[in-house]
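Keeping their order, the protein sequence lines are chains A and B. With this note's numbering applied, the first sequence covers 23 to 267. With this note's numbering applied, the second sequence covers 23 to 267. Think of the CB as a built atom: it goes at the ideal place given N, C-alpha and C, for glycine as much as any other residue.
Protein chains: 2
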Amino acid sequence: MSLAEDRVKPGAGTLYKTIRQDIERRILTGEWPPGHRIPFEHEIMARYGCSRMTVNKALSELAQADLIERRRRAGTFVRRPQFLSAVLKIPDIRAEIGALGRAYGYQLISSTRRTANAADRERLGVKKPCKVIAIRCRHSADNVPFAIEDRLIDLDAVPDAAKADFKIDPPGSWLLHHVPWTEAEHAISAIVADDTIAEGLDIATGAPCLVIERHTWRKGQPLTAVRLIYPGEQHRLVARFRGSE
Amino acid sequence: MSLAEDRVKPGAGTLYKTIRQDIERRILTGEWPPGHRIPFEHEIMARYGCSRMTVNKALSELAQADLIERRRRAGTFVRRPQFLSAVLKIPDIRAEIGALGRAYGYQLISSTRRTANAADRERLGVKKPCKVIAIRCRHSADNVPFAIEDRLIDLDAVPDAAKADFKIDPPGSWLLHHVPWTEAEHAISAIVADDTIAEGLDIATGAPCLVIERHTWRKGQPLTAVRLIYPGEQHRLVARFRGSE
DNA sequence: ACGGGCGATATGTCTATACATAAACTCGCT
DNA sequence: AGCGAGTTTATGTATAGACATATCGCCCGT
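Put into structure tokens, the structure is as follows:
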């Protein structure tokens with residue numbers, strides 16, 4: 023009979039997960055507040071009757087999740103919670119509407135190809151001249167306008183986009199499936215609808231709109247810049263944050 | 023001479039990190055697209071001349087970061103990127119203003135204690151009657167209004183809040199330092215300023231505003247609900263996403 | 001053809017051990 | 001006291017081997 027069978031909590035699946043969850047619980051309930059020193063690996067090891075590697079695996083995962091901080095020689099400490107950060111999901115619009123159980127609709131409003139002017143280069147963040155595609159289109163759910171999309175694609179960085187047909191499929195979906203990216207930045211702000219937006223979204227001029235601007239890069243090179251305009255009182259971005267699992 | 027000395031890339035610090043970064047790079051550059059099967063552990067092990075535990079550690083971290091998916095017997099696969107999710111930092115307002123190098127200012131507008139009415143209970147998500155504190159205050163940067171805060175605190179869940187003085191310090195900071203929480207939810211939307219908001223933020227009535235609503239729980243029990251209203255054209259929430267490290 | 005059972009296989013967990021490394025502490029010298 | 005060198009200690013990385021477990025496919029019997 024091995025020592026491993028003397029487990030303190032035999033019920034919770036695997037040992038390292040048990041250890042991880044025990045510690046996580048103590049942190050989340052406040053029993054071990056920020057700054058508190060967690061028992062040393064050899065203490066936990068003795069408590070659960072397991073090897074140090076097992077304890078180390080549990081603690082490493084908690085460290086990767088930023089719940090604890092580990093310092094050589096000093097020990098392991100509860101981190102101050104990352105108070106106000108959250109994972110915000112900004113899904114692909116088509117998938118988002120599908121998830122709501124509504125019928126997705128798409129209309130291309132305009133699509134032009136041109137040599138980038140100063141405003142285009144500014145928006146994409148490129149310095150040298152390049153060709154771009156500028157697209158304006160509309161997404162709808164059950165035939166109700168859902169969002170207006172205004173996109174710029176750098177043709178030098180994404181040459182395949184010249185061959186793509188955005189009359190039927192939205193450029194977002196096409197890009198997601200064809201172009202790998204390495205960095206993305208989102209900015210969220212609010213504006214009021216001008217006449218053009220109001221008409222496109224079928225809302226009143228002066229109504230609030232939520233704007234999401236996304237820039238995408240591949241190894242530092244700008245790929246695309248997109249501006250999504252949502253009716254602000256009907257649409258909300260929701261982010262939920264909780265302890266792991 | 024041990025096999026371990028035949029390492030493919032001796033320069034990058036530790037072995038498992040080298041392996042992890044090599045794989046991450048291939049995924050991020052698109053060399054291994056979503057759905058691609060990553061070499062089996064024993065293949066990677068042979069390639070780097072190391073033990074399986076080392077490979078396993080690298081792959082486990084990538085799996086924890088959702089870059090890959092591991093399936094017993096089948097192998098390890100590149101996941102479809104979490105395309106449009108991003109870590110959105112919604113910092114403590116005082117810290118945010120401080121980080122911008124501007125002077126933080128705070129004014130308490132009103133603070134009332136009462137038994138929760140139906141609207142309060144609805145907003146907090148509690149069913150049974152309880153006492154609450156309702157606070158309205160304003161944050162400013164260099165004496166320019168920055169955001170209006172409208173907060174409800176459940177006194178049954180946070181009894182200490184009854185003793186706190188919110189005349190000088192904002193309730194957000196106090197709560198962050200005194201109350202551990204386990205879950206939080208943020209919702210972002212846009213509204214137009216009504217007369218009260220316009221006056222508080224020193225903007226025109228009808229101007230767009232960004233609204234962040236945050237609900238915080240501790241083990242399922244609602245603690246506080248807060249609504250932050252920002253001038254929408256001046257304030258943006260920015261989230262940047264990139265590969266780890 | 002169809003479905004059940006079974007073996008092969010890749011990942012999942014765990015052990016016992018070893019040496020590396022960073023940082024905190026001790027102690028002795030000036 | 002102040003400072004630098006050496007020691008101690010907790011974590012960090014790595015190993016070789018073992019057994020567990022999910023599941024994909026194959027084969028076999030009906």
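Consider the Cβ of residue i: report whether some Cβ of chain B lies at a distance smaller than 8 angstroms.
i	result
residue 123 (chain A)	no
residue 257 (chain A)	yes
residue 247 (chain A)	no
residue 37 (chain A)	no
Here's a check: name, in chain order, each residue in its chain whose Cβ is nearer than 6 angstroms to the Cβ of residue i, leaving out the five neighbours to either side.
i	result
residue 162 (chain B)	127, 168
residue 224 (chain B)	167
residue 158 (chain A)	131, 132, 172
residue 67 (chain B)	74, 77
residue 164 (chain A)	124, 125
residue 85 (chain A)	92
residue 59 (chain B)	97, 99
residue 189 (chain A)	130
residue 237 (chain B)	207, 247
residue 260 (chain B)	none
Does chain A have any CB closer than 8 angstroms to the CB of residue i?
i	result
residue 211 (chain B)	yes
residue 55 (chain B)	yes
residue 260 (chain B)	yes
residue 52 (chain B)	yes
residue 120 (chain B)	no
residue 267 (chain B)	In this predicted model, residue 267 (chain B) has a pLDDT of only 35, less than 50, meaning its place in the structure is not dependable; the value taken from the coordinates is given anyway. So, not an interface residue.
residue 40 (chain B)	no
Note down, in chain order, each residue of its chain lying with its Cβ closer than 8 angstroms to the Cβ of residue i, except the 5 sequence neighbours on either side.
i	result
residue 62 (chain B)	97, 98
residue 39 (chain A)	80
residue 116 (chain A)	126, 128, 161, 192, 194, 195
residue 255 (chain A)	229, 230
Just the chain B side, please: which residues come within less than 9 angstroms of residue i by C-beta, in chain order?
i	result
residue 86 (chain A)	83, 86, 87
Within a Cβ cutoff of 7 angstroms, which residues of the same chain sit near residue i, ignoring the five residues on either side of it in sequence?
i	result
residue 184 (chain A)	177
residue 265 (chain A)	Here residue 265 (chain A) scores only 43 on pLDDT, less than 50, and its place in the model should not be relied on; the value that follows carries that caveat. Closer than 7 angstroms at the Cβ level, and outside the excluded window around residue 265 (chain A), lie 46, 50.
residue 239 (chain A)	203, 204, 205, 245
residue 114 (chain B)	194, 195, 198
residue 129 (chain A)	159, 160
residue 152 (chain A)	138, 176, 177, 178
residue 209 (chain A)	235
residue 216 (chain A)	227
residue 57 (chain B)	99, 100
residue 222 (chain B)	160, 167, 170
Could you tell me which chain A residues have their CB closer than 7 angstroms to the CB of residue i, listed as they occur along the chain?
i	result
residue 11 (chain B)	Look at the range of chain B in this structure, 23 to 267, and you will see that residue 11 (chain B) is not part of it.
Residues of chain A with a CB under 9 angstroms from the CB of residue i: which are they?
i	result
residue 241 (chain B)	50, 51
Report task. Please name the residues in the stretch 183-215 of chain A whose beta-carbon is closer than 7 angstroms to at least one beta-carbon of chain B, in chain order. Result -> 198, 202, 204, 205, 206, 207, 208, 209, 210, 211, 212, 213, 214
Query raised in the report: If contact means a Cβ-Cβ distance below 7 angstroms, which residues of the stretch 143-162 of chain A contact chain B?
Result: none
Query raised in the report: At a Cβ cut of 9 angstroms, what residues of the stretch 222-237 of chain B count as close to chain A, listed as they run along the chain?
Result: 228, 229, 230, 231, 232, 233, 235, 236
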